[in-house]
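Engineer: For the protein sequence lines, the chains are A and B, in the order given. Mapping to our numbering: the first sequence position 206 is 208, numbers consecutive. Mapping to our numbering: the second sequence position 33 is 35, numbers consecutive. Have a look at the structure that comes next, please.
There are 2 protein chains.
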Amino acid sequence: MISTKKTDLLKRTDIFASLDSKELEGLAHLAVERRFAPDEFIFWEGQPAHWFYIVQEGQVKVSKYSPSGREFIVAFFTPGEMFGEVAVFQGKPYPASACAVGETRVVGIRRDDFLSFLATHPSVSLKIIHVLGERLRSAHTRLRDLAAERAEGRLANILLMLASKLGPTLPFTRQELADMTGLTPETTIRVMSRFRDRKIVRSGRGKTTILDEAALRRIGEGLPLN
Amino acid sequence: MISTKKTDLLKRTDIFASLDSKELEGLAHLAVERRFAPDEFIFWEGQPAHWFYIVQEGQVKVSKYSPSGREFIVAFFTPGEMFGEVAVFQGKPYPASACAVGETRVVGIRRDDFLSFLATHPSVSLKIIHVLGERLRSAHTRLRDLAAERAEGRLANILLMLASKLGPTLPFTRQELADMTGLTPETTIRVMSRFRDRKIVRSGRGKTTILDEAALRRIGEGLPLN
DNA sequence: CGCCTATTTGAAAACCGTCAAAGTATGTGG
DNA sequence: CCACATACTTTGACGGTTTTCAAATAGGCG
């Protein structure tokens, strides 16, 4: 075993989990570990995409910035998830920036290595299609949300989406919630305060706990805050 | 040749274009032609997804509806493009509804047939990854747009996106533009009127012609309507 | 010509963003 | 252990944008 830790990580990903240990070994040889300090960027939107990554430890935030400099958070990724893969497949620049949240380790795989690996492992392609499909579905749901719901509904839906992935206690600041919903921090705070007064959430500094998921679901469906 | 028309269509799609004529023949056997009248639905959000489709003639509008009944248009598809594929891969219900715009013909392929075809044609998987990646990229760009831009910017960006696909003359009503941007028809009309006064677009009933693409691009970047 | 639908316009109200200022947790260095 | 600096959070007032509601106009098709 040359790199137990790397094969262990690969084994925990959706797309590589079904490979046998020999194949995993081969991949692990191609994978390079990298560490990032909090708030350090892994890549920037517009850079040429030679690598794609898998989160090993910590969290990665993928965002797009508007010309005015405002941030919009596209997704958070946790250990075992890949990111930067869309650009790699297309040979185009990264469509968004990736930034480490807290101390973070990732493994990177070179575009060329990965494409040749794919050519000989068709089953992995199917897994990737599955993952991309899931992300597309989520993106479309969020699109409908941003287009149709107002502040309360948007926040409710983002909280639900995050909770379904991370559990009922969410490690985000108001600012980050604002950047995910396209609201300002002030509006986010006001809505969250209403939620708190209604005992729908409990909140502290950089942390939110969901108490009444059913209520959030009603609000997310466009029903009034009753 | 059993079905020249169907193989011709398949030949024009991104994902099947590189197959040889024997493979195309095989696929064409699996493909079923269907016709739809204007405003007839091909499938509804939530239905089990046994088929995916390719547009042969006409246009298909894919939308999601908010609980209040408001429509949000996720995408328009033109001949040669596929839709409904995400649900098929995942064995989950369709995540959106598809509706014929004008007299429309499509070909449908059964989920099971397609999955077994894929298993024996890995190169098609790669094409699909490519298409899904492109759609994901577009969805994320639109997300940032809805979150960060106001009415003028949103409309400008949607017009640009449509023009890059359909050319400078766009066959959409104000209502449809509103459903793509998440604005109300009234706001859409007011903004479009400003655009018309500035000679940025020319517009008629159910039709819009872009005159000054550069201006739209400036507005879409968040710059004022100068 | 008449109907249906798309477009247009107006006025009022709701919502959210902006700006400004103050309060409060967390961590750091002395 | 305390003082202080640094975020994050909170609150208020104001203004602008967009929605809402209502009504009128105009284009296309039978």
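Think of the CB as a built atom: it goes at the ideal place given N, C-alpha and C, for glycine as much as any other residue.
Check the Cβ of Gly184/B against every Cβ in chain A and list those closer than 8 Å, keeping chain order.
Structural biologist: Position 182 of the second sequence, counted from the first residue, corresponds to residue 184/B. Ordered by position in chain A, the residues that pass the 8 Å Cβ test against Gly184/B are Leu148, Ala149, Ala150.
Engineer: For the putative contact between Ile17/A and Val109/A, defined by C-beta atoms under 8 Å, what is the C-beta separation to the nearest angstrom?
Structural biologist: Taking the first sequence and counting its residues from 1, the one referred to as residue 17/A is at position 15. Taking the first sequence and counting its residues from 1, the one referred to as residue 109/A is at position 107. Going by Cβ atoms, the distance from Ile17/A to Val109/A rounds to 13 Å, so no, they are not a contact pair.
Engineer: Which runs of the alpha helix (DSSP H) at least 4 residues long sit entirely within the segment 12-60 of chain A? Give them in chain order.
Structural biologist: Entirely contained in the segment 12-60 of chain A, the alpha helix (DSSP H) runs reaching 4 residues are, in chain order, 23-32.
Engineer: Any beta carbon from chain B within less than 8 Å of Phe74/A's own beta carbon?
Structural biologist: As a first step, residue 74/A is located in the first sequence; it is residue number 72 there, counting from the start. So yes, Phe74/A belongs to the interface.
Engineer: Taking its Cβ as the centre, do 16 or more other Cβ atoms sit within 10 Å of Ala216/B, making it buried, or is it exposed?
Structural biologist: Here the question's residue 216/B lines up with position 214 in the second sequence. With fewer than 16 other Cβ atoms within 10 Å, it is exposed.
Engineer: For a contact meaning CB atoms closer than 8 Å, what does Arg137/B contact in chain A?
Structural biologist: Counted from its first residue, the second sequence places residue 137/B at position 135. The answer, in chain order, is Leu138.
Engineer: Is there at least one Cβ from chain B nearer than 8 Å to Gly86/A's Cβ?
Structural biologist: The count along the first sequence starts at 1 and reaches residue 86/A at position 84. False, the Cβ-Cβ gap to chain B never drops below 8 Å.
Engineer: Does the distance from the C-beta atom of Asp181/B to that of Ile75/B stay below 8 Å?
Structural biologist: Taking the first residue of the second sequence as position 1, residue 181/B is located at position 179. Taking the first residue of the second sequence as position 1, residue 75/B is located at position 73. Taking 8 Å as the Cβ cut-off, Asp181/B and Ile75/B qualify as a contacting pair.
Engineer: Would Ile56/B and Leu120/B be called neighbours here (beta carbons separated by less than 8 Å)?
Structural biologist: Walking along the second sequence from the start, residue 56/B turns up at place 54. Walking along the second sequence from the start, residue 120/B turns up at place 118. Not a contact, by the Cβ cut-off of 8 Å.
Engineer: Taking the C-alpha atoms as reference points, what is the distance between Lys13/B and Gly208/B?
Structural biologist: For this step, residue 13/B is matched to residue 11 along the second sequence. For this step, residue 208/B is matched to residue 206 along the second sequence. Those two C-alpha atoms are separated by around 32 Å.
Engineer: Are the C-beta atoms of Gly224/B and some chain A residue less than 8 Å apart?
Structural biologist: For the purposes of this step, residue 224/B is taken as residue 222 along the second sequence, with counting starting at 1. Output row for Gly224/B: interface = yes.
Engineer: At the 8 Å Cβ level, is Phe91/A part of the contact set with chain B, yes or no?
Structural biologist: For the purposes of this step, residue 91/A is taken as the residue at position 89 of the first sequence. Yes, Phe91/A lies at the interface with chain B (some Cβ there is under 8 Å from its Cβ).
Engineer: Taking Cβ-Cβ distances below 7 Å as the criterion, which residues of the segment 34-67 of chain A are in contact with chain B?
Structural biologist: Hits within the stretch, in order: Lys66.
Engineer: For Ser118/A, which option in Lys8/A, Leu29/A, Leu225/A has the closest C-alpha, if you only look at C-alpha atoms?
Structural biologist: Start at 1 with the first residue of the first sequence, and residue 118/A comes out as number 116. Looking at the Cα atoms, Leu29/A is the closest of the given residues.
Engineer: Residues of chain B with CB closer than 8 Å to the CB of Arg144/A, please, in chain order.
Structural biologist: Along the first sequence, read from residue 1 onward, the residue named residue 144/A stands at position 142. Chain B residues near Arg144/A: Leu145.
Engineer: Where DSSP assigns a beta bridge to Val62/A, which residues make up the other side?
Structural biologist: Residue 62/A sits at position 60 when you count from the first residue of the first sequence. Note: Val62/A sits in a beta bridge opposite Phe79/A, Ala102/A.
Engineer: Let me confirm a value: Glu105/A is counted as buried when at least 16 other C-beta atoms fall within 10 Å, else exposed. Which label applies?
Structural biologist: Within the first sequence, residue 105/A is the residue found at index 103, counting from 1. So Glu105/A ends up on the exposed side.
Engineer: If you draw a straight line from the alpha carbon of Arg192/A to that of Ala150/A, how long is it in whole angstroms?
Structural biologist: Numbered from its first residue, the first sequence carries residue 192/A at position 190. Numbered from its first residue, the first sequence carries residue 150/A at position 148. Distance between the alpha carbons of Arg192/A and Ala150/A is about 20 Å.
Engineer: Should Ile130/B be flagged as near chain A, meaning a C-beta pair shorter than 8 Å?
Structural biologist: Locating residue 130/B in the second sequence gives position 128, where the first residue counts as 1. With 8 Å as the cut-off, Ile130/B counts as an interface residue toward chain A.
Engineer: Among Tyr67/A, Gln61/A, Glu35/A, Gln58/A, which has the Cα closest to the Cα of Trp46/A?
Structural biologist: Reading the first sequence from its first residue, position 44 is the one you call residue 46/A. Ranking the options by Cα distance to Trp46/A, first place goes to Tyr67/A.
Engineer: Could you please give the first and the last residue of the uninterrupted beta strand (DSSP E) stretch that includes Gly206/A?
Structural biologist: Looking up residue 206/A in the first sequence gives position 204. Per DSSP, Gly206/A belongs to the beta strand (DSSP E) from 203-206.
Engineer: Using the Cα positions of Ser2/B and Pro40/B, report the straight-line distance between them to the nearest angstrom.
Structural biologist: This structure cannot settle anything about residue 2/B, because the visible part of chain B is limited to 3 through 228.
Engineer: Does Ala141/A come within less than 8 Å of chain B when only Cβ atoms are used?
Structural biologist: Locating residue 141/A in the first sequence gives position 139, counting from the first residue. True, the Cβ-Cβ gap to chain B drops below 8 Å.
Engineer: Determine whether the Cβ of Leu134/B lies closer than 8 Å to any Cβ atom of chain A.
Structural biologist: Reading the second sequence from its first residue, position 132 is the one you call residue 134/B. Chain A, which has a Cβ nearer than 8 Å to the Cβ of Leu134/B, makes this yes.
Engineer: Can you give the beta carbon distance from Glu59/B to Arg137/B, rounded, assuming they're within the 8 Å contact cut?
Structural biologist: In the second sequence, the residue the question calls residue 59/B occupies position 57. In the second sequence, the residue the question calls residue 137/B occupies position 135. About 22 Å; that fails the 8 Å criterion.
Engineer: Hey, does Pro173/B have any beta-carbon neighbour from chain A nearer than 8 Å?
Structural biologist: Translated into the one-based positions of the second sequence, residue 173/B becomes position 171. No, its Cβ sits nowhere closer than 8 Å to a Cβ of chain A.
Engineer: If you reduce the DSSP assignment to three classes, tell me which class Glu154/B lands in.
Structural biologist: Residue mapping note: residue 154/B aligns to position 152 of the second sequence, counting from 1. DSSP places Glu154/B in helix when its eight states are reduced to three.
Engineer: For the segment 184-200 of chain A against the segment 85-99 of chain A, are there 3 or more C-beta pairs whose distance is under 8 Å?
Structural biologist: Output reads no: the segment 85-99 of chain A does not touch the segment 184-200 of chain A.
Engineer: Cα separation between Val103/B and Leu164/B?
Structural biologist: The sequence position of residue 103/B within the second sequence is 101, counting from 1. The sequence position of residue 164/B within the second sequence is 162, counting from 1. If you take the alpha carbons of Val103/B and Leu164/B, they lie about 15 Å apart.
Engineer: Closest Cβ-Cβ distance between Pro97/B and chain A: below 8 Å?
Structural biologist: One-based indexing of the second sequence puts residue 97/B at position 95. Yes, its Cβ sits closer than 8 Å to a Cβ of chain A.
Engineer: Are the beta-carbon atoms belonging to Gly229/A and Ile221/A less than 8 Å from one another?
Structural biologist: Shown here, chain A extends from 3 to 228; a query on residue 229/A therefore has no answer.
Engineer: Who does Phe85/B pair with in a DSSP beta bridge?
Structural biologist: In the second sequence, the residue the question calls residue 85/B occupies position 83. BP columns for Phe85/B point to Tyr55/B.
Engineer: Give the DSSP-derived three-state secondary structure of Arg72/A in the structure shown.
Structural biologist: Mapped onto the first sequence, residue 72/A falls at position 70. Here Arg72/A sits in coil by DSSP.
Engineer: Strictly below 7 Å CB to CB, what residues from chain B border Pro124/A?
Structural biologist: One-based indexing of the first sequence puts residue 124/A at position 122. Pro124, Ser127, listed in chain order.
Engineer: Using a Cβ-Cβ cutoff of less than 7 Å, which residues in the same chain neighbour Arg72/A once the five nearest sequence positions on both sides are dropped?
Structural biologist: Here residue 72/A corresponds to residue number 70 of the first sequence, with the count starting at 1. Cβ neighbours of Arg72/A beyond the five flanking positions: none.
Engineer: Residue range of the beta strand (DSSP E) that Thr211/B falls in?
Structural biologist: Within the second sequence, residue 211/B is the residue found at index 209, counting from 1. First-last of the beta strand (DSSP E) with Thr211/B: 209-212.
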